[in-house]
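Visitor:
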Amino acid sequence: MVEVDSAGWAEPWDKLSGRILEGFEAIAREVESSGGGNALVVSHSMTIGTLAYLVDENITKNPNVENGSVTVLEYEDGRFSIQALGDVSYRQVGAAILDRENQE
1096 MVEVDSAGWA EPWDKLSGRI LEGFEAIARE VESSGGGNAL VVSHSMTIGT LAYLVDENIT
1156 KNPNVENGSV TVLEYEDGRF SIQALGDVSY RQVGAAILDR ENQE
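All residue numbers for the sequence shown refer to my numbering, where the first residue is 1096 and numbers rise by one.
#1: On a Cα-Cα basis, can you pick out the residue from I1177, V1137 and Y1170 that is closest to E1152?
#2: What residues in its chain sit with their C-beta under 6 Å from that of I1154, if we drop five residues either side in the sequence?
#3: Considering just the uninterrupted stretch of the alpha helix (DSSP H) at I1090, what are its terminal residues?
#4: Quick check on the DSSP output: the alpha helix (DSSP H) that includes L1168 runs from which residue to which?
#5: Assign G1144 to one of two classes, buried (16 or more other C-beta atoms within 10 Å of its C-beta) or exposed (fewer than that).
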């Protein structure tokens, strides 16, 4: 795609993946330097899928990450690990609550 992009907007894979990883590492280091804790990052599926692929070699290059899904990463000793990828189980919980409320 980079080769045919006459507007100059497309990025080569190494630049895109490096930028994504650097961004998430910067967030993780900032949280770590503040004593640790959680950070909420809202992004789109391409970024989340790319990061997952970069973090875990067992994940395909384009994992299916649905809109509104939850992905949980842990950052320890300079490395990310994936605790959950594209989890949408909260939708089932919410649907069950709505069903109960509608039956009352």
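The beta-carbon is built from N, C-alpha and C at its ideal position, and this holds for glycine as well. This one's a predicted model, so the numbers in the text were calculated from it and none came from an experiment.
Guide: Reading off the structure:
#1: Reading the sequence shown from its first residue, position 57 is the one you call residue 1152. Ranking I1177, V1137 and Y1170 by Cα distance to E1152 puts I1177 first.
#2: Start at 1 with the first residue of the sequence shown, and residue 1154 comes out as number 59. Excluding positions up to five away in sequence, the list reads A1147 and Y1148.
#3: The structure shown does not extend to residue 1090, since the chain is modelled only from 1096 to 1199, so the question has no answer here.
#4: For the purposes of this step, residue 1168 is taken as residue 73 along the sequence shown, with counting starting at 1. Here L1168 belongs to no alpha helix (DSSP H); instead the beta strand (DSSP E) covers V1165 to E1171.
#5: As a working note, residue 1144 is residue 49 in the sequence shown. The residue in question, G1144, is buried, as its Cβ has 16 or more Cβ neighbours within 10 Å.
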